[in-house]
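As structure tokens, the structure follows; a few thoughts come after it.
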Amino acid sequence: MEKVTEVEGRAYPFGMKNVDTDIIIPAHFLKTITRDGLGEGAFEALRKDGNSVFDDPEFAGAPIIVAGDNFGCGSSREHAAWALLDMGVKAVIAPSFSDIFSGNAFKNGILTVALPQEAIDRLMEVAQTDPITINLENQSVSTPFQDRWAFEIDPFRKRCLLEGLDEVGLTLQSDAVISAYEDRLRSQQPWVASGTKAAA
Amino acid sequence: MTARTLYEKIWDAHVVAQREDGTCLIFIDRHLVHEVTSPQAFEALRKAGRKVRRPELTLAVPDHNVPTTPRVDAAGKRIPIADAQSAQQLAALEKNAPEFGIHYFGATAREQGIVHVVGPEQGFSLPGTTIVCGDSHTACHGGVGALAFGIGTSEVEHVLATQTLQLRESKTMEVRVEGDLGPGVTAKDLIMHIIGEIGTAGGTGHVIEYRGKVFEQMSIEARLTVCNMSIEGGARAGLIAPDETTFAYLKDRPLAPKGAEWDKAVAYWKTLHTDEGATFDKSVVIDASVIEPTVTWGTSPEDTVGISGEVPDPMSFADPSKQRAAQASLEYMGLTPGQKLAEVEVQNIFIGSCTNSRIEDMRAAAEVLRGRKVHPNIKWGIVVPGSGLVKLQAEAEGLDKVFTEAGLEWREPGCSACLGMNPDKVPPGERSASTSNRNFVGRQGPGARTHLVSPAMAAAAAVAGRLADVRELTREPA
Chain W
86 MEKVTEVEGR AYPFGMKNVD TDIIIPAHFL KTITRDGLGE GAFEALRKDG NSVFDDPEFA
146 GAPIIVAGDN FGCGSSREHA AWALLDMGVK AVIAPSFSDI FSGNAFKNGI LTVALPQEAI
206 DRLMEVAQTD PITINLENQS VSTPFQDRWA FEIDPFRKRC LLEGLDEVGL TLQSDAVISA
266 YEDRLRSQQP WVASGTKAAA
Chain D
23 MTARTLYEKI WDAHVVAQRE DGTCLIFIDR HLVHEVTSPQ AFEALRKAGR KVRRPELTLA
83 VPDHNVPTTP RVDAAGKRIP IADAQSAQQL AALEKNAPEF GIHYFGATAR EQGIVHVVGP
143 EQGFSLPGTT IVCGDSHTAC HGGVGALAFG IGTSEVEHVL ATQTLQLRES KTMEVRVEGD
203 LGPGVTAKDL IMHIIGEIGT AGGTGHVIEY RGKVFEQMSI EARLTVCNMS IEGGARAGLI
263 APDETTFAYL KDRPLAPKGA EWDKAVAYWK TLHTDEGATF DKSVVIDASV IEPTVTWGTS
323 PEDTVGISGE VPDPMSFADP SKQRAAQASL EYMGLTPGQK LAEVEVQNIF IGSCTNSRIE
383 DMRAAAEVLR GRKVHPNIKW GIVVPGSGLV KLQAEAEGLD KVFTEAGLEW REPGCSACLG
443 MNPDKVPPGE RSASTSNRNF VGRQGPGART HLVSPAMAAA AAVAGRLADV RELTREPA
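Here the protein sequences line up with chains W and D, keeping their order.
86 is the number of the first residue of the first sequence in my numbering; add one for each residue after it.
23 is the number of the first residue of the second sequence in my numbering; add one for each residue after it.
Structure (structure tokens):
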């Protein structure tokens, strides 16, 4: 994963609540076997009429989306994160996120920044004309107008993002403790350990 | 020892290591893999030169994009998939599973089906296990008392390579249901009603445990339906404590323990319940007796109403953002405030999906349809069994004939019209009564208008040509 320290730039003033992953990327784009090129299908249903913030040249290529609560609910498709990444989005700011989406976003170096609705309302205004800055190290969101909010992030996720850690590689360093767990499983719950080999 | 909830017991039993910041390395007992969310994960393993750590703990089966039309011709030869991309995705799984040593039920195997139907049916999903899959409806397996949740493709890769996940413990939430369900009110109506009460973010950050007599009296099929839609309530997982019903369901399943191991397993499974005095971070109480056969009116699963109800006025919601969302929903759905749900005409019927495609669901729909015909309003209606084994069982009971004689199509197993990524779609602007789990904008195809219902209610809608109260149909057919 690439290191992430700061995201700065224009933001799509989206504001929609309960944005589900079918809205972010409809299922007919999921037939791909790669992670690339999904930006084309991002927010397809909303872009159909050409009137959405995602069609407005003012915001083209913006790295931030400002949205309503429960962003990313629904399906576990990581394609939603890949689609955002492909359209150049590096951070989403919303009052809340679905658990699975925020996990997927994190694995792809996309920040999911939870701020209270008042902050979102203010950012929706600022986004119309000016850039927004998200600093991961300081855990802050700021605007050119002295607005500043602090946000929470899981310390492990923060470290992975700042250092650009490969999570699989990190876990494989724990090989010995995983093996010890597996040995216990084999002796205490052989019916779990045998898995598909249980078939007679 | 401190009193613990069921979730806490399963979590504690799977902690491999805990870091100072509280993140835990959690062992994953069962991994289900399908064609859509796995190709990028296998490709990443290949690139990094990594193996699947414990291939025997993974089971692969295609379900999302396989067409539900016949898969072999009269001569027994495989019929190619017309859509090139779908064919490529299926071919990737057919190659990846054997290459990485994973047990695979192919598209033409009798055991093939929707991952969440196949897992419990094969006895692969067991009480007290951790189960993951690159699909949010993995919550389903909580119906057999497993801690089961959906993951993204990066996590699929992580589980394949390490058989673990880096996780933080969730909060606990109790959904306690008091009283009994009325006649014609099913597990589907109950879970839709619960989501209507708690909202689609009601369970975010939590694992739900469903508690109360209603669940104890439910079949495993019904419990799977309830837990399946936990994610629609925002919870990554839902659980129902295993009991004698669970043990009876699992006994003699192909991958369930046998002989002395079975007895040992059951003894352990009997310890898997929330202790007296254990507390939940959040608790919700639902009165079962007020629940009607339930339908959705909008484009969020929380937009539920009893079948005798009306389309709500968006302005009746207190929250301004909910008012806007409801307004947009009604525009998309082509409905007006005050309209009676039972007067809404439908053109499409879908009976299937990981929520409602098990044998009991087939029976419930067939019971309503027996001796009846679908209404002329219905242009397209399909019944899609959840697995090849469900299909065979239904055919042995003659249910396929009931469906086809009524005027519905009987299909091959798969996810089908639940998600609009295979040929089964609802046309733009048309309405469906669907037993699936999501009524999102475009979910069943661009512009499709979905009303979520139970299998019996879908059958009632097929007969009436509109959303209809199944309780008015369960009397003798006309």
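The beta carbon of each residue, even a glycine, is placed where N, CA and C say it ideally should be.
Legend entry - Any C-beta of chain W under 8 Å from that of D/Thr426: Using a CB distance cut-off of 8 Å, D/Thr426 does not count as an interface residue toward chain W.
Legend entry - Residue closest to D/Glu65, alpha-carbon to alpha-carbon, out of D/Phe122, D/Glu30, D/Ala386 and D/Gly374: The residue with the shortest Cα to Cα distance from D/Glu65 is D/Phe122.
Legend entry - D/Pro84 versus D/Thr152 - alpha carbon distance: A direct Cα-Cα distance of roughly 21 Å separates D/Pro84 from D/Thr152.
Legend entry - Through-space distance from W/Leu170 to W/Phe139, alpha-carbon basis: Here the alpha carbon of W/Phe139 sits roughly 14 Å from the alpha carbon of W/Leu170.
Inset, instruction - Would you mind reading off the limits of the alpha helix (DSSP H) that contains D/His180? - result: Taken as a continuous stretch (DSSP letters only), the alpha helix (DSSP H) holding D/His180 covers Thr175 to Thr184.
Legend entry - Neighbour flag for W/Pro201 against chain D, beta carbons, 8 Å: No - not a single Cβ of chain D is within 8 Å of the one on W/Pro201.
Legend entry - Cβ neighbours of D/Ile381 in the same chain (closer than 6 Å, five flanking residues each side left out): If you ignore the 5 residues before and after D/Ile381, its C-beta comes within less than 6 Å of the C-beta of Val412 and Gln415, all in its own chain and listed in chain order.
Legend entry - Chain-ordered chain W contacts of D/Asn87 [CB-CB under 7 Å]: Ordered by position in chain W, the residues that pass the 7 Å Cβ test against D/Asn87 are Lys116.
Legend entry - Beta carbon of D/Asp446 nearer than 8 Å to that of D/Trp432: In this structure, D/Trp432 does not lie closer than 8 Å to D/Asp446 by Cβ.
Inset, instruction - Alpha carbon to alpha carbon, how far is D/Glu191 from W/Ile150? Give it in angstroms, no decimals. - result: The straight-line gap separating the alpha-carbon atoms of W/Ile150 and D/Glu191 is approximately 28 Å.
Legend entry - Other residues of its chain near W/Lys192: CB distance less than 6 Å, five sequence neighbours each side excluded: Nothing meets the Cβ criterion.
Legend entry - chain D within 8 Å of W/Tyr266, Cβ atoms only: Contact with chain D is found for W/Tyr266, since one of that chain's Cβ atoms lies less than 8 Å from the residue's Cβ.
Legend entry - Close beta carbons around D/Ala109, own chain, < 6 Å, minus the five adjacent residues each side: Closer than 6 Å at the Cβ level, and outside the excluded window around D/Ala109, lie Ile103.
Inset, instruction - Determine the contact status of D/Arg258 and W/Asp184, defining contact as a CB-CB distance below 8 Å. - result: Using a Cβ distance threshold of 8 Å, D/Arg258 and W/Asp184 count as a contacting pair.
Inset, instruction - Go through its chain and collect everything with a Cβ distance to D/Ala388's Cβ below 7 Å, but skip five positions before and after it. - result: The beta carbon of D/Ala388 sits closer than 7 Å to the beta carbons of Leu421, Val424 and Phe425 from its chain, once the five residues preceding and following it are set aside; these are given in chain order.
Inset, instruction - Return the chain-ordered list of same chain residues with a C-beta closer than 8 Å to the C-beta of D/Thr184, the five sequence neighbours on each side being excluded. - result: Within its own chain, the residues whose Cβ lies closer than 8 Å to the Cβ of D/Thr184, once the five positions on either side in sequence are excluded, are Arg75, listed in chain order.
Legend entry - chain W residues whose Cβ lies nearer than 9 Å to that of D/Gln111: Residues of chain W passing the Cβ test: Leu115, Lys116, Thr117 and Ile118.
Inset, instruction - Assign W/Asn136 to one of two classes, buried (16 or more other C-beta atoms within 10 Å of its C-beta) or exposed (fewer than that). - result: By the 10 Å Cβ count, W/Asn136 comes out exposed.
Legend entry - Pair within 8 Å by beta-carbon distance, D/Arg488 and D/Ala364: Yes, they are a contact pair.
Legend entry - Within chain W, the residues that D/Leu277 reaches when beta carbons sit closer than 8 Å: Listed along chain W, the residues sitting closer than 8 Å to D/Leu277 by beta-carbon distance are Gly280, Thr281, Ala283 and Ala284.
Legend entry - Test: W/Thr256 CB closer than 8 Å to a CB of chain D: Cβ-Cβ to chain D under 8 Å: yes for W/Thr256.
Inset, instruction - Would you list the residues sitting across from D/Pro468 in a DSSP beta bridge? - result: Note: D/Pro468 sits in no beta bridge, so no partner.
Legend entry - Cβ neighbour criterion (16 or more within 10 Å) applied to D/Val94: It is exposed - the Cβ of D/Val94 has fewer than 16 other Cβ atoms within 10 Å.
Inset, instruction - Report the partner residues of D/Cys502 according to the DSSP bridge assignment. - result: With chain D covering only 23 through 500, there is no way to say anything about residue 502 of chain D.
Inset, instruction - Output the boundary residues of the alpha helix (DSSP H) element that contains W/Ser272. - result: Note, W/Ser272: alpha helix (DSSP H), Asp260 to Gln273.
Legend entry - Cutoff 8 Å: D/Ala486 Cβ touching any chain W Cβ: Using beta-carbon distances, D/Ala486 does not count as an interface residue toward chain W, since no partner is under 8 Å.
Inset, instruction - Could you pull out every residue in the same chain whose Cβ sits closer than 8 Å to the Cβ of W/Val277, ignoring the five residues on either side in sequence? - result: Around W/Val277: Leu270.
Inset, instruction - Would you check if the distance between the CB atom of W/Ala147 and the CB atom of W/Arg95 is smaller than 8 Å? - result: Between W/Ala147 and W/Arg95, the C-beta gap is smaller than 8 Å, which places the two residues in contact.
Inset, instruction - Could you say if the stretch 369-376 of chain D and the stretch 132-141 of chain D meet the contact criterion of at least three C-beta pairs nearer than 8 Å? - result: With the cut-off at 8 Å, the stretch 369-376 of chain D and the stretch 132-141 of chain D touch.
Legend entry - CB contact flag (D/Gly145, D/Trp291, <8 Å): Between D/Gly145 and D/Trp291, the gap from beta carbon to beta carbon reaches 8 Å or more.
Inset, instruction - Using a Cβ-Cβ cut-off of less than 8 Å, list which residues of the stretch 172-185 of chain D approach chain W; keep chain order. - result: So the close ones are Gly172, Ile173, Gly174, Thr175, Ser176, Glu177, Glu179, His180, Ala183, Thr184 and Gln185.
Inset, instruction - Taking only heavy atoms of the ligand ADP into account, decide whether any of them is closer than 7 Å to the Cβ of D/Glu254. - result: Absence of the ligand ADP from the depicted structure is noted, as is the absence of any ligand whatsoever, leaving it without description.
Inset, instruction - Work out the CA separation of W/Leu255 and W/Glu91 for me, nearest whole Å. - result: W/Glu91 and W/Leu255: Cα-Cα distance of roughly 23 Å.
Inset, instruction - Could you tell me if W/Glu203 is buried or exposed, where buried requires 16 or more neighbouring beta carbons within 10 angstroms of its beta carbon? - result: With fewer than 16 other Cβ atoms within 10 Å, it is exposed.
Inset, instruction - Would you grab the beta carbon distance between D/Asn444 and D/Pro89 for me? Rounded to a whole angstrom, and I think it's under 8 Å. - result: Confirmed, about 6 Å.
Legend entry - Inter-residue spacing [alpha-carbon to alpha-carbon] between D/Ser330 and D/Leu189: Spanning the two alpha carbons is a distance of roughly 43 Å.
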